[in-house]
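To keep things clear, I will list the structure first and then write my remarks on it.
There are 2 protein chains.
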Amino acid sequence: MKIDPTHILKEHSLKHTKQRVRVLEEIALDTVAISQPELEKKLGKEIDRVTLYRILNIYEDKGILHRIMDMNGTANYAICSSACSEDHHHDEHIHFNCTNCHKIYCLDVVVPHSTMPKGFTAKTVSTTAYGICEKCNLLVKKN
Amino acid sequence: MKIDPTHILKEHSLKHTKQRVRVLEEIALDTVAISQPELEKKLGKEIDRVTLYRILNIYEDKGILHRIMDMNGTANYAICSSACSEDHHHDEHIHFNCTNCHKIYCLDVVVPHSTMPKGFTAKTVSTTAYGICEKCNLLVKKN
DNA sequence: AATATAAATGCAATTTAATTGCATTTATAT
DNA sequence: ATATAAATGCAATTAAATTGCATTTATATT
Ligand SMILES: [Mn+2]
Ligand SMILES: [Mn+2]
Ligand SMILES: [Zn+2]
Ligand SMILES: [Zn+2]
Numbered sequence: 000m001k002i003d004p005t006h007i008l009k010e011h012s013l014k015h016t017k018q019r020v021r022v023l024e025e026i027a028l029d030t031v032a033i034s035q036p037e038l039e040k041k042l043g044k045e046i047d048r049v050t051l052y053r054i055l056n057i058y059e060d061k062g063i064l065h066r067i068m069d070m071n072g073t074a075n076y077a078i079c080s081s082a083c084s085e086d087h088h089h090d091e092h093i094h095f096n097c098t099n100c101h102k103i104y105c106l107d108v109v110v111p112h113s114t115m116p117k118g119f120t121a122k123t124v125s126t127t128a129y130g131i132c133e134k135c136n137l138l139v140k141k142n
Numbered sequence: 000m001k002i003d004p005t006h007i008l009k010e011h012s013l014k015h016t017k018q019r020v021r022v023l024e025e026i027a028l029d030t031v032a033i034s035q036p037e038l039e040k041k042l043g044k045e046i047d048r049v050t051l052y053r054i055l056n057i058y059e060d061k062g063i064l065h066r067i068m069d070m071n072g073t074a075n076y077a078i079c080s081s082a083c084s085e086d087h088h089h090d091e092h093i094h095f096n097c098t099n100c101h102k103i104y105c106l107d108v109v110v111p112h113s114t115m116p117k118g119f120t121a122k123t124v125s126t127t128a129y130g131i132c133e134k135c136n137l138l139v140k141k142n
């Protein structure tokens, strides 16, 4: 995923700081989502813990990142689709949690909606799949 | 939901203690899931924090309770369907998170499976819906 | 009913995650 | 170049979760 941090920041009228650029760069490195602890491990020397929290929160608010909670209650972050805005996220794709490598993939699979019981009105639906990812399946086959 | 704590404990060869009975009683009180902090608030005087964690973990392992992580990474617990066992949970119903009252409902709605991309093998799929629950919708209409 | 023993509990201490307040630094508009 | 509002870093706090260990308790056996 090739992103332009400077452009993204300008787009959302956020001040251009080296910390904000670094966070975007780091998250864009891989196509899979990255967890807060991983980010902290990678950037902890350059960016203060608290600043990292603040940047992640503001990016989520602005619709730049979306947050995916995993099985353990850990926050994971991935770049949002271009359709996301400050008001509303449009990240209704499937999140695939690999139970082997613990990576979280944003899969381009349409989420099947199901009808809610009478009285319940759903605004967004999020689907998470647990299983073995592409890479881990290949590794298993080889051994 | 009428449950028999003593029977449940015997079924899973767990020792019958008053703490374990209380946790089951408390969770069975309501049909909606209850969060760890709520449980702690309700039982904190009778049961030690650590003991509560341990009981919840063992119940999850045994397939007595299932754990539902909410948007904020907080653990919520609900009684499992009778089909759940130590080896495998069968709680693939929809979890409805009310964005107003923050209650989590286990809805008896079939989860629609979707085909995974080539290489990805899903073992379980969990679907979470966010919106307004029955009760909150009624309250809004009244006012 | 008394006893043995393995398991469960409670408590203290530790670790980790997240938040808050405030002084200092920095980006950017003028 | 300067003003100023925003962002950062640091210290302190709050909260969640885990670990180790001494004590208590459930239950199987005598
Ligand atoms: Mn995603
Ligand atoms: Mn459920
Ligand atoms: Zn994997
Ligand atoms: Zn509600």
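Same order as they appear, the protein sequences are chains A and B.
The numbering of the first sequence is numbering that gives the first Met the number 0, which starts it at 0 and goes up by one.
The numbering of the second sequence is numbering that gives the first Met the number 0, which starts it at 0 and goes up by one.
By construction, the Cβ of each residue, glycine as well, lies at the ideal position given by its N, Cα and C atoms.
Everything numeric in this text was worked out from a predicted model, so none of it was measured.
- What does the shell around ligand 3 hold, if a residue joins when its beta-carbon is under 5 Å from any heavy atom? A:Cys97, A:Asn99, A:Cys100, A:Cys132, A:Cys135
- Query: Do Ser34 of chain A and Ala77 of chain A come within 8 Å of each other at the CB atom, strictly closer than that value?
  - Reply: no
- Taking Cβ positions only, does Gly72 of chain A come closer than 8 Å to chain B? yes
- Message: Only counting the same chain, and skipping five residues up and downstream in sequence, which positions put a Cβ closer than 7 Å to that of His101 of chain B?
- Response: Hits under 7 Å: none found.
- Query: Where does Lys17 of chain B fall in DSSP's three states?
  - Reply: helix
- Item | Element boundaries [alpha helix (DSSP H), containing Val124 of chain A] | No alpha helix (DSSP H) contains Val124 of chain A, which is instead part of the beta strand (DSSP E) from 120-131.
- Would you please state the rounded distance, in angstroms, between the beta carbons of Ile103 of chain B and Val31 of chain B? I believe it to be under 8 Å. At roughly 6 Å, the Cβ-Cβ gap stays under 8 Å, so Ile103 of chain B and Val31 of chain B are in contact.
- Query: Roughly how many whole angstroms lie between the Cα atoms of Val49 of chain A and Cys97 of chain A?
  - Reply: 29 Å
- Message: Check for me: the beta strand (DSSP E) holding Val109 of chain A runs from which residue to which?
- Response: 103-109
- Does DSSP classify His11 of chain A as helix, strand or coil? coil
- beta strand (DSSP E) segment containing Asn56 of chain A, residue limits: Counted as a single uninterrupted DSSP element, the stretch harbouring Asn56 of chain A is not any beta strand (DSSP E) but the alpha helix (DSSP H) occupying residues 48-61.
- Item | Proximity to Val108 of chain B [Cα-Cα], best of B:Thr127, B:Thr123, B:Lys117, B:Ala121 | Of the candidates B:Thr127, B:Thr123, B:Lys117, B:Ala121, B:Thr127 places its Cα closest to the Cα of Val108 of chain B.
- Identity of the residue in A:Cys105, A:Lys61, A:Leu51, A:Pro36 nearest Lys17 of chain A by Cα: A:Leu51
- Can you list, in chain order, the residues of its chain whose CB lies under 7 Å from that of His15 of chain B, leaving out five sequence neighbours each side? Thr5, Leu8
- Whose C-beta lies closer than 8 Å to the C-beta of Lys1 of chain B among residues of the same chain, with five residues either side of it excluded? Ala27
- Message: Between which two residues does the alpha helix (DSSP H) holding Leu42 of chain A run?
- Response: 35-42
- Query: From Ile67 of chain B to His94 of chain B, what does the alpha carbon distance come to, in whole angstroms?
  - Reply: 8 Å
- Task: Return the Cβ separation of Gly118 of chain B and Glu91 of chain A in integer angstroms, given the expectation that the two are a contact with Cβ distance under 8 Å.
- Result: About 22 Å separates the two Cβ atoms, so there is no contact after all.
- At a CB-CB cut-off below 7 Å, which residues of chain A make contact with Pro111 of chain B? Pro111, Ser113
- Query: Three-state secondary structure (DSSP) at Cys97 of chain A?
  - Reply: strand
- Item | Per-residue contacts from Ala128 of chain A into chain B (C-beta, under 7 Å) | Met115, Ala121, Val124
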